[in-house]
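Peer 1: Here it is, the structure, as structure tokens.
In the working numbering, the protein residues as written are 1 to 947.
Written out as structure tokens, the structure reads:
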């Protein structure tokens, strides 16, 4: 190693950039994110030992730590240059602790350096002004990490025991899920209200058109619901038709619109979602790359400042640079007399960083376009324009309101519009409309209209008059942008964790994104209902926000971190203890009361009670729980065994056709068995059999065993049970075939599949058609071809089949997969490919399909995710996951229940997640020999307080 200075950062991209700025006396190495974490098992945080914490070195971190340990020998100074936030401080502390425990820092000076942008000037300035680690920031990290662990690893086992089928729960994740579920409940109970408006188009003497709306009638101002039905509205239209009109008044008002402040983490995520259609995870990943450095003209340079910030202020140098740019490129009219100073309005604003801005405002987007990928350029341009616009002059708009009155004064209509007198900052940037509302209101549309010049007393000739029907709209589902905005408004969580929280909700199958909006799954609603019923305090918005405020007080040095933990744990552990005697019946009753209106809506059909069992017509349907999850069943069990999957009737043809259970179509003429159409967990299907109850074989009665023969009960039942009872034949309905239209003839044709179409004209082999696991198909020998949506498996002919099979043999053009990167274990490439059944990752001979939640954003796949999928595939197939070089192989850890641990980009790759089962839950232990307990950062050993 050359020189006597070692600089440690968290990412290799950052190390590569910084290494070019420092001289030969510096070596720059990366820790690759957090090098250690709390082991995902009971006892890693021990409240009975005053919250002692055990840390474990990550399997993939050992190689990086060994490299740092070798490099540190003989150096005089170590600079910890991780990111300038709480998480970066924590990474630096972990590195220092591991090196200190290895006794490698006894003769080395260790200092902390931070910089808000990765430019040569900022880095050299930071290196010239090092500091010590910030104890308060580290303690705030420890408190947050311990809280997330305690909630996840204490609450999740309760969920597993009391709510089978659910997965884990997290401190902030559960509150975010509650927001999504409550919004869905609002939508379900919403009842649209009808209202009408009268729209009149007038023509001026010069022929210009003016669109207006009726606002007053008979001296009374009309509110939104004044015209509540069609008849009333049409009567008003007839009254207005014969009247003559003139301009009654013209009101001009000039308004100024000020620019928006520069981006923070949350506003960047919101605007990238609205303007660019980029999710929060993708936005932060692209921003990370722009921050760490891009090759521009042979030099690697960071293009934006640090992207995890609550601050909206700009440095004096940045303000001076942007004002100079505005004056030279847009002219003095666009430059305010004084710089604009912004202050953060977000609750619990944390680190006092600058806003997100370009490191050099003179580096215009078009000048770096050739060096950036598409999303990088789009995001950089968004940040550049927002920063420039934030220091520009206000826009000036001339708003006009024209009242048009009838000659008798009984009817008054209003036309509104606006004219941009001076565009100001709008020349550079205009923020997208808030997507917390689905459509523009009529007032917004009118305000954007342009009006012709008119004056009081001008006659107005009526052109067209219409009565328009409207209905009130339910509140829209949350998008990523509006959910981030809501969480920030409530002061819940941190902007740097919002992306990972929303991803966790999707990965755990609690929610899905449909048309860019969150839709809760029934599993997510069950979890929310359970937590709201039995842990209400811990999913309350105010409680979570107050806890965040306390954590910020810890980082400010105003509050002791152990005090926060003690106060929380005392009440939380008591709440968990109170659920030990909770019976499944109590859980079901609470869930049924909470979710009953959702699963059994009263207005599905007129006069129909959705709770009446469609099988026995006497029992009451309700929520039931089993080892595999929740379902809907009859209260007359076991006499009535009617069940259905946990789903709501959607009003679709399938739901209506099968709402009352299986529908019999008739008997098969060959076997005499009944044919029915049914609904299963994977859709509708037709079934042949079983025999009706009257025709069923006589039940084999097993005599009640004597007391001393109870051990043989199971064997006797096994012998008495018919061994060769045939399973009913089932065939799924092809996509697009409504269950309501299935008759006996069609069902018999489906049950007769596969069918022979005819011999191939060249080979003579028989071509057959059938329905398989993946839908309708054709088969010729070993060749299969899926049918298109417009091909009918029951009627497709020989000619069409030959054409399709020829295409199958020819095969699609092979498109080379995208290389995700080199596998961290062996350095061989990992690629992302498109297959017959969707995208998959490949490494050597191992191929793993992407889950549904990932497949929708396959282009955002990271190496960490790819490795997890590949390892999970190896484990599923019974193989052994190879260990990292130099490390012993360890079994895969259970899925951690903690979801708010920090920066998702900063963490090293994890092992494949395996869902922890209730039976495997271990009791907390007070003795840990494998890992070392941590009392406080860089503190001398103290006597631990009892209990």
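For glycine and all other residues, C-beta sits at the position ideal for the given N, C-alpha and C.
Rounded to the nearest angstrom, what separates residue 270 and residue 176 at their Cα positions?
Peer 2: Within the chain shown, residue 270 is the residue found at index 270, counting from 1. Within the chain shown, residue 176 is the residue found at index 176, counting from 1. Going by the C-alpha atoms only, they are around 16 Å apart.
Peer 1: Put residue 332 into one of helix, strand or coil per three-state DSSP.
Peer 2: By 1-based counting over the chain shown, the position of residue 332 is 332. Correct three-state label for residue 332: helix.
Peer 1: Quick check: what's the CA-CA separation for residue 449 versus residue 209?
Peer 2: For this step, residue 449 is matched to residue 449 along the chain shown. For this step, residue 209 is matched to residue 209 along the chain shown. If I take the Cα positions, the gap works out to 11 Å.
Peer 1: For residue 168, is the classification buried or exposed, using 16 other Cβ atoms within 10 angstroms of its Cβ as the cut-off for buried?
Peer 2: Counting from 1 along the chain shown, the entry for residue 168 is found at position 168. Buried is the call here.
Peer 1: In chain order, what residues of the same chain have a beta carbon less than 7 Å from the beta carbon of residue 319, not counting five sequence neighbours either side?
Peer 2: Taking the first residue of the chain shown as 1, we reach residue 319 at position 319. For residue 319, where only same-chain residues beyond five positions count, the Cβ hits under 7 Å are 339 and 391.
Peer 1: Within its chain, find whatever has a CB closer than 6 Å to the CB of residue 186; leave out the 5 residues flanking it on each side and keep chain order.
Peer 2: Translated into the one-based positions of the chain shown, residue 186 becomes position 186. Hits under 6 Å: 475.
Peer 1: Quick check on the DSSP output: what are the complete alpha helix (DSSP H) runs of length 4 or more inside the region 204-241, in order along the chain?
Peer 2: Complete alpha helix (DSSP H) runs here, min 4: 230-240.
Peer 1: Under 9 Å, do residue 833 and residue 845 count as touching if we go by C-beta distance?
Peer 2: Numbered from 1 along the chain shown, position 833 holds the residue referred to as residue 833. Numbered from 1 along the chain shown, position 845 holds the residue referred to as residue 845. Not in contact: residue 833 and residue 845 (Cβ atoms no closer than 9 Å).
Peer 1: By Cβ distance, which residues of its chain are closer than 6 Å to residue 141, with the 5 residues on each side in sequence left out?
Peer 2: As a first step, residue 141 must be located in the chain shown, where it is residue number 141. Closer than 6 Å at the Cβ level, and outside the excluded window around residue 141, lie 86 and 90.
Peer 1: Which runs of the alpha helix (DSSP H) spanning at least 4 residues fall entirely within the region 35-85, listed in chain order?
Peer 2: For the region 35-85, whole alpha helix (DSSP H) runs of length 4 or above, ordered along the chain, are 62-72.
Peer 1: Just to confirm, is the Cβ distance from residue 84 to residue 56 under 9 Å?
Peer 2: Locating residue 84 in the chain shown gives position 84, where the first residue counts as 1. Locating residue 56 in the chain shown gives position 56, where the first residue counts as 1. Result no, Cβ atoms of residue 84 and residue 56 do not sit closer than 9 Å.
Peer 1: Can you tell me the Cα-Cα spacing of residue 575 and residue 564, whole angstroms?
Peer 2: As a working note, residue 575 is residue 575 in the chain shown. As a working note, residue 564 is residue 564 in the chain shown. Near 17 Å, if we compare the C-alpha coordinates of residue 564 and residue 575.
Peer 1: Should residue 280 be labelled buried (16 or more other beta-carbon atoms within 10 Å of its own) or exposed?
Peer 2: By 1-based counting over the chain shown, the position of residue 280 is 280. Per the 10 Å Cβ criterion, buried.
Peer 1: Between the region 236-256 and the region 450-465, are three or more C-beta pairs nearer than 8 Å?
Peer 2: At 8 Å Cβ cutoff, the stretches touch.
Peer 1: Can you tell me the Cα-Cα spacing of residue 773 and residue 159, whole angstroms?
Peer 2: Numbered from 1 along the chain shown, position 773 holds the residue referred to as residue 773. Numbered from 1 along the chain shown, position 159 holds the residue referred to as residue 159. Roughly 33 Å separates the two Cα atoms.
Peer 1: Take residue 622 and list the residues in its own chain whose beta-carbon comes closer than 8 Å to its own, dropping the five residues that flank it on each side.
Peer 2: In the chain shown, residue 622 corresponds to position 622, counting from 1. 588, 592, 596, 611, 632, 633 and 635, listed in sequence order.
Peer 1: Would you mind stating whether residue 44 and residue 528 have Cβ atoms separated by less than 9 Å?
Peer 2: Indexing the chain shown from 1 puts residue 44 at position 44. Indexing the chain shown from 1 puts residue 528 at position 528. Cβ atoms of residue 44 and residue 528: not closer than 9 Å.
Peer 1: Here's the rule I'm using: 16 or more other beta-carbon atoms within 10 Å means buried, otherwise exposed. How should residue 8 be labelled?
Peer 2: Within the chain shown, the letter at position 8 stands for residue 8. It counts as buried.
Peer 1: Counting pairs of beta carbons, one from the region 252-262 and one from the region 476-495, are three or more of them closer than 8 Å?
Peer 2: The region 252-262 is not in contact with the region 476-495.
Peer 1: Is DSSP giving residue 469 helix, strand or coil here?
Peer 2: By 1-based counting over the chain shown, the position of residue 469 is 469. Correct three-state label for residue 469: strand.
Peer 1: Looking at the secondary structure, which residues open and close the beta strand (DSSP E) in which residue 684 lies?
Peer 2: For the purposes of this step, residue 684 is taken as residue 684 along the chain shown, with counting starting at 1. First-last of the beta strand (DSSP E) with residue 684: 683-688.
Peer 1: If you run the structure through DSSP and keep just helix, strand and coil, what is residue 500?
Peer 2: In the chain shown, the residue the question calls residue 500 occupies position 500. DSSP places residue 500 in helix when its eight states are reduced to three.
Peer 1: Do the region 796-808 and the region 755-769 meet, that is, are 3 or more Cβ pairs less than 8 Å apart?
Peer 2: The answer is yes - the region 755-769 touches the region 796-808, with three or more Cβ pairs under 8 Å.
Peer 1: Let me know the secondary structure DSSP gives residue 88 once reduced to three states.
Peer 2: On the chain shown, position 88 is the one that residue 88 refers to. Of the three classes helix, strand and coil, the one that applies to residue 88 here is helix, per DSSP.
Peer 1: Just verifying my parser: in three-state terms, what is the DSSP assignment at residue 248?
Peer 2: For this step, residue 248 is matched to residue 248 along the chain shown. Residue state, collapsed to three classes: strand.
Peer 1: To which residues of the same chain is residue 233 closer than 7 Å at the C-beta, ignoring the five residues directly before and after it?
Peer 2: In the chain shown, counting from the first residue as 1, residue 233 sits at position 233. Hits under 7 Å: 196, 198, 227 and 467.
Peer 1: Quick check on the DSSP output: the beta strand (DSSP E) that includes residue 399 runs from which residue to which?
Peer 2: The count along the chain shown starts at 1 and reaches residue 399 at position 399. Here the beta strand (DSSP E) through residue 399 covers 395-406.
Peer 1: Whole angstroms is fine: what's the gap from residue 253's alpha carbon to residue 400's?
Peer 2: Walking along the chain shown from the start, residue 253 turns up at place 253. Walking along the chain shown from the start, residue 400 turns up at place 400. Going by the C-alpha atoms only, they are around 6 Å apart.
Peer 1: Going by DSSP, what residue range makes up the alpha helix (DSSP H) through residue 292?
Peer 2: What you label residue 292 is simply residue 292 of the chain shown in a count that begins at 1. Segment 280-292, the alpha helix (DSSP H) holding residue 292.
Peer 1: Can you tell me the Cβ-Cβ gap for residue 178 and residue 539, rounded? I've got them flagged as a contact below 8 Å.
Peer 2: By one-based count along the chain shown, residue 178 stands at place 178. By one-based count along the chain shown, residue 539 stands at place 539. Yes, they are in contact, since the Cβ atoms of residue 178 and residue 539 sit about 5 Å apart, within 8 Å.
Peer 1: Does the distance from the C-beta atom of residue 129 to that of residue 113 stay below 9 Å?
Peer 2: Stepping through the chain shown from its first residue, residue 129 is reached at position 129. Stepping through the chain shown from its first residue, residue 113 is reached at position 113. Yes, they are a contact pair.
Peer 1: Is DSSP giving residue 254 helix, strand or coil here?
Peer 2: Here residue 254 is taken as the residue at index 254 of the chain shown, counted from 1. Strand, per DSSP.
Peer 1: Give the single residue among 425, 752, 417 and 127 whose Cα lies nearest to the Cα of residue 323.
Peer 2: Here the question's residue 323 lines up with position 323 in the chain shown. Checked all of 425, 752, 417 and 127; the closest Cα to residue 323 is 425.
Peer 1: Within the same chain, show all residues whose beta-carbon is closer than 6 Å to that of residue 847, passing over the 5 residues directly before and after it, in chain order.
Peer 2: In the chain shown, counting from the first residue as 1, residue 847 sits at position 847. So the qualifying residues of the chain are 840.
Peer 1: Figure out for me which residue from 36, 109 and 120 has the closest Cα to the Cα of residue 15.
Peer 2: The residue labelled residue 15 in the question sits at position 15 within the chain shown. Minimum Cα distance to residue 15 is reached at 120.
Peer 1: Let me check understanding here. Comparing Cα to Cα, which of 53, 139 and 74 lies closest to residue 558?
Peer 2: For the purposes of this step, residue 558 is taken as residue 558 along the chain shown, with counting starting at 1. Looking at the Cα atoms, 139 is the closest of the given residues.
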